[in-house]
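One structure is given below, encoded as structure tokens.
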Amino acid sequence: MPEDIKGNTNKEVVTFQRRSSGLRRVMSPYSAFVYNVMNIAPIFPWVYLLSAAAFPQGNIWLGILLTTFFVSFLAIAYSGIASVMPRTGGDYIFESRILGPWIGFPIVATMILFFFLQWDAIAGWLVAVLGISPMLTGLGISLNSTFLIDLGVWFTTPLGIWLTTVFAGLIALIVLIKGLHVYVKVQWVLWYSFLISFVIIVALFLITPQSVFISNYNSAVLKIDPQANPNYYQYVIDYEKSQGFSPTFGFSILSTFGIMAIALTSLGWVGYAQEQAGEIKSANSFKKQLFINFGGGIAAGLMMAILAFVLVNTVGIQWLAAAAYGSYITGNLSMPVLPWFSTLIVALTDNPILIFLATFGITLAAMQIVFNVYIGQTRVAIAASIDQVLPAWISKINGRTGTPVNVHLLFYFLGGVLYSFIYNFYPGFITYTLAVTAVATIMYIATSLSAALLPWKLKEAYSVSEVSKYK
């Protein structure tokens, strides 16, 4: 059965012929909006840490807002082209149909099919290190439980992270094999739990004076490592100075522009929901697409900027820069309490209920990334399989579940089990995967170019589409 695009007239416009994916439209525009916000991920810690260490004179929240403004144009481009070609495969479909298959497939396959194996591993890392570990250590410190503290620390070990990745991936595999409609129901739990956590975290940072944070932070460090410097907050700053990290602080617009490149690694994913566009209701509506992509990007950008503002205001840019440089960039400092915003909850409150609520939602937000990576990978692979670029068994829909079981199993074992093992147990392996962000940027550029050329390359489909009214 050919998959086509129908306009708003009685005329049927066939832009390309291919076998239907067999997937149903079960995701509402609001669900796709949430999907985009969670995938852009205000929880990504490197946006805040790398910005502080690499550009200590930059204004992090301002850099995030500037990035949000510029990527809004990317979101509009995604909204336009997706409303004309709302098909499973997203970027692959856009680029292969407009720029040509010899351009579209290599770009998108390199990013989403291959480099996303790393994201399978990173997603599990986020669940373990940004969610479960801070939850357990925070509760352990609050309840004076050595067992919980030790268990929380274990989740930051290679074995702990890998097993978390395997188990989280297995949960995602089971849910997605049952169908995207099941995931959509699960997503509401992930989303609203994250919102509760976000509000609590922002409120705690806002009401905690820096002096109180420093005192609580030092106390938390000593509970985990009694042999640590009693003024560990100042020790971090002084130690990194002794290692040659002694930047000047203040405000620099050039440094703020530099932060934009880091923020783009998160905010650039404004159109990621389009990988499963064939499963989104009313995906051919330009206005609905604007809500999904443009609205999702703005919402995520504002959340990131707010979190950056309260984080820096409470912990201090000098400490955050030193902590990020020592623990995250160079690895020359092993900190008992790392500078992740979720880990720092223990320095904001000793209430176990607040600690649990703040970190539980972050854990589920990280779990959302696990789902998102597998969904994007499988949908691009299915689209390429339908085009006979990849084997037919990849796009085979299971008759009992009505879902692409084969491709889900493939990426789970390749990324969630095998690649994540290499990622966690081979020190320095991450240095071989630093091109991920660069390739993602190339993909954004290629899709933007495809959107710009759409009116000329697919004239009929464009002329009867909603977006053509906004010339």
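In the numbering used here, each number is its position in the sequence shown, counted from 1, plus 136.
Positions of the beta carbon are idealized from the N, C-alpha and C atoms, including for glycine.
>> By alpha-carbon positions, which one of Leu309, Ala588, Gly437 ends up nearest to Asn508?
In response: Leu309
>> By the three-class DSSP mapping on this structure, what secondary structure does Val150 have?
In response: Reliability of the predicted coordinates at Val150 is poor, the pLDDT of 41 falling under 50, and no value is obtained from them.
>> Once the 5 residues before and after Ile558 are set aside, which same chain residues still bring their CB inside 7 angstroms of it?
In response: Phe565
>> I'd like the list of long-range same chain contacts for Ile229, defined as Cβ closer than 7 angstroms, with 5 residues on each side in sequence excluded.
In response: Met221, Arg223, Ala519
> Which whole-angstrom value describes the C-beta separation of Ala399 and Gly199, a residue pair presumed to lie in contact below a C-beta threshold of 8 angstroms?
Replying inline: 6 angstroms
> Between Tyr598, Ala460, Phe427, Leu545, which lies nearest to Asn172 when the distance is taken from Cα to Cα?
Replying inline: Phe427
> DSSP state of Thr499, grouped into three classes?
Replying inline: helix
>> Against chain B, with Cβ distances strictly below 8 angstroms, would Gly432 count as a contact?
In response: The question asks about chain B, but that chain is absent: this structure has only one protein chain.
> Where does Ser478 land, buried or exposed, given buried means 16+ other C-beta within 10 angstroms?
Replying inline: buried
> Is Ile196 near Ser187, with beta carbons less than 8 angstroms apart?
Replying inline: yes
>> Between the alpha carbons of Val482 and Ile491, how many angstroms are there, rounded?
In response: 7 angstroms
>> Taking only three categories from DSSP, how would you classify Gln454?
In response: helix
> Nearest to Pro181 by CA position, among Glu411, Leu443, Tyr166, is which residue?
Replying inline: Leu443
> Among Ala213, Asn352, Pro540, which one has its Cα closest to the Cα of Lys532?
Replying inline: Pro540
> Should Phe496 and Met247 be called a contact, given that it needs their Cβ atoms to be closer than 8 angstroms?
Replying inline: no
> Roughly how many angstroms separate the alpha carbons of Pro165 and Gln425, rounded to a whole number?
Replying inline: 8 angstroms
> With 16 as the cutoff for other CB atoms within 10 Å, does Thr384 come out buried or exposed?
Replying inline: exposed
>> Tell me the DSSP secondary structure of Asn144 in three-state form.
In response: Confidence in Asn144 is poor, its pLDDT being 39 and thus under 50, which makes the residue's placement unreliable; the coordinate value appears in the next sentence. Of the three classes helix, strand and coil, the one that applies to Asn144 here is coil, per DSSP.
>> By DSSP's criteria, Ile416 is part of a beta bridge. Which residues make up the other side?
In response: Met163
> Which term fits Trp324, buried or exposed, when burial requires 16 or more other beta carbons within 10 angstroms of its beta carbon?
Replying inline: exposed
> Leaving out five residues before and five after Leu358 in sequence, what residues of the same chain have Cβ atoms less than 7 angstroms from its Cβ?
Replying inline: Ala364, Pro366
>> Beta-carbon within less than 8 angstroms of Ala435's beta-carbon, same chain only, minus the 5 sequence neighbours each way: which residues are those?
In response: Phe169, Val173
>> Closest to Leu306 by C-alpha separation, out of Tyr598, Phe549, Ile258, Tyr606, would be which residue?
In response: Phe549
>> By alpha-carbon positions, which one of Gln504, Val162, Gly431 ends up nearest to Leu316?
In response: Val162
>> Buried or exposed for Asn354, going by 16 or more other Cβ atoms inside 10 Å?
In response: buried
>> Check for me: the alpha helix (DSSP H) holding Ile285 runs from which residue to which?
In response: 282 to 290
> In whole angstroms, what is the alpha-carbon distance linking Ala441 and Ile395?
Replying inline: 12 angstroms
> Between the stretch 452 to 466 and the stretch 242 to 260, are three or more C-beta pairs nearer than 8 angstroms?
Replying inline: no
> Near Pro472, what residues of its chain come up, given a Cβ to Cβ distance below 7 angstroms and the 5 sequence neighbours on each side ignored?
Replying inline: Val357, Ile360, Asp361, Ala364
>> Quick check on DSSP: helix, strand or coil for Thr224?
In response: strand
>> Nearest by alpha-carbon distance to Leu235: which of Phe334, Ser599, Thr583, Lys377 is it?
In response: Thr583
> Taking the runs of the beta strand (DSSP E) that are 3 residues or longer, which of them lie wholly in the stretch 178 to 204?
Replying inline: none
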